[in-house]
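Q: Below are the structure tokens for one structure; questions will follow.
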Amino acid sequence: ITDLPLKGKKVIVTAGGTKERIDPVRYITNDSSGKTGHAIAEAAWNKGADVVLITASSIPVPDRIQKVAVESAKEMHQAVLEHFETADSLIMSAAVSDYTPKTVAENKMKKTDSLSLEFEKNPDILKDMGSRKRADQCLVGFAAETEHIIEYAQSKLKEKNADMIVANDVGQKDRGFNVDNNEVTFITHTSEPIPIRLKKKTEIADDIVSWIVDFFKNN
Ligand code: C5P
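For the sequence shown, full-length UniProt numbering gives the first residue as 183, with consecutive numbering after it.
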């Protein structure tokens, strides 16, 4: 018996930490490994979806999943824009850099006694897609916080016009960035916060995809 509730649905997943270049050999990034996003892509494929994984991570991607490799937030934004209109769901699990260097040095920068860099704000991809979202599209974002996790995630849900925010505490070593486990809370418009106990990121990915399956049943 096959259970493919996402058959015919196109699901976009973003993953990894974006890299913002300073010069040809240097960049600024963050601690995101891409494990959660890649697990979500796999979980969505297992439920029958056509999956596009837009990733800044170097984790290998099986052929059954369409991979779009990106480096910077701007590249990720472009790739998401290309796919969003024809997508049924977007899951923004990437850790998108909030800032990018104002200028990128053309040549490798030489050593100096001190160095200051100027940054400008990157586009907020989730917020932009939230403003374009149709009622039939399911938009999921993440909120990595170290304090007031639920409150911040609830305001993010509204501000970004998402259908769900997966809130996670990145202030603890045994969960979150770069490890295999996480403990999260699903924040939605339709129910009280749903706590998901500490478990494997692959299991959390299944829970997220199951929530999306239910969203399509009800919308
Ligand atoms: O506002 P904050 O960065 O905490 O929101 C996190 C969510 O927004 C994540 O889903 C992340 O992928 C997304 N995001 C984005 N573009 C940015 C920053 C964050 O899409 N520039």
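We put the beta carbon where it would ideally sit given N, CA and C, even for glycine.
Nothing here was measured: the structure is a model prediction, and the numbers come from that model.
DSSP beta-bridge partners for residue 301?
A: According to DSSP, residue 301 bridges with 283.
Q: Could you name the residues that DSSP lists as bridge partners for residue 228?
A: Its beta-bridge partners do not exist; DSSP assigns none.
Q: Can you list, in chain order, the residues of its chain whose CB lies under 7 Å from that of residue 212, leaving out five sequence neighbours each side?
A: Excluding positions up to five away in sequence, the list reads 199, 277 and 279.
Q: At a cut-off of 7 Å, would you count residue 283 as near the ligand C5P, judging by its Cβ distance to the nearest heavy atom?
A: Residue 283: no, Cβ never under 7 Å from the ligand C5P.
Q: Under 7 Å: does the beta carbon of residue 223 sit that close to some heavy atom of the ligand C5P?
A: For the ligand C5P, not one heavy atom lies less than 7 Å from the Cβ of residue 223.
Q: With burial defined as no fewer than 16 other Cβ atoms inside 10 Å of the residue's Cβ, what is the status of residue 360: buried or exposed?
A: Exposed, by the Cβ-count rule.
Q: Give me the residue from 223, 384, 332 and 340 with the minimum Cα distance to residue 374.
A: Answer by Cα proximity: 332.
Q: Where residue 310 and residue 259 are concerned, what is the direct C-alpha to C-alpha distance, given to the nearest angstrom?
A: Taking the straight line joining both Cα atoms gives about 9 Å.
Q: Decide if the region 294-303 is in contact with the region 248-256; the criterion is three or more beta carbon pairs, one per stretch, under 8 Å apart.
A: The region 294-303, when compared against the region 248-256, does not touch it at the 8 Å Cβ threshold.
Q: Look up residue 272 in the DSSP assignment and give the residues it is bridged to.
A: DSSP lists 194 and 321 as partners of residue 272.
Q: Just to check, is the beta-carbon of residue 323 closer than 7 Å to a non-hydrogen atom of the ligand C5P?
A: Checking every heavy atom of the ligand C5P against the Cβ of residue 323, one is found closer than 7 Å.
Q: What does a CB cutoff of less than 7 Å around residue 221 pick up in its chain, not counting 5 residues either side in sequence?
A: Excluding positions up to five away in sequence, the list reads 383, 384 and 387.
Q: If you drop the 5 nearest sequence neighbours on each side, which residues of the same chain put their C-beta closer than 8 Å to that of residue 317?
A: Hits under 8 Å: 401.
Q: Since residue 249 is in the beta strand (DSSP E), which residue starts that stretch and which ends it?
A: Its beta strand (DSSP E) spans residues 248-251.
Q: State the DSSP-derived secondary structure class of residue 238, mapped to helix, strand or coil.
A: Here residue 238 sits in coil by DSSP.
Q: Indicate whether the contact test is met: 3 or more Cβ pairs, each with one atom in the region 292-299 and one in the region 345-353, closer than 8 Å.
A: Touching, no, given that fewer than three Cβ pairs across the two stretches are closer than 8 Å.
Q: What residue does the beta strand (DSSP E) around residue 346 start on, and which one ends it?
A: Unbroken beta strand (DSSP E) run through residue 346: 346-351.
Q: Can residue 238 be considered in contact with the ligand C5P, in the sense that its beta carbon sits closer than 7 Å to one or more heavy atoms?
A: No, Cβ of residue 238 sits at least 7 Å from all heavy atoms of the ligand C5P.
Q: If you reduce the DSSP assignment to three classes, tell me which class residue 368 lands in.
A: In this structure, residue 368 counts as strand in the three-state DSSP scheme.
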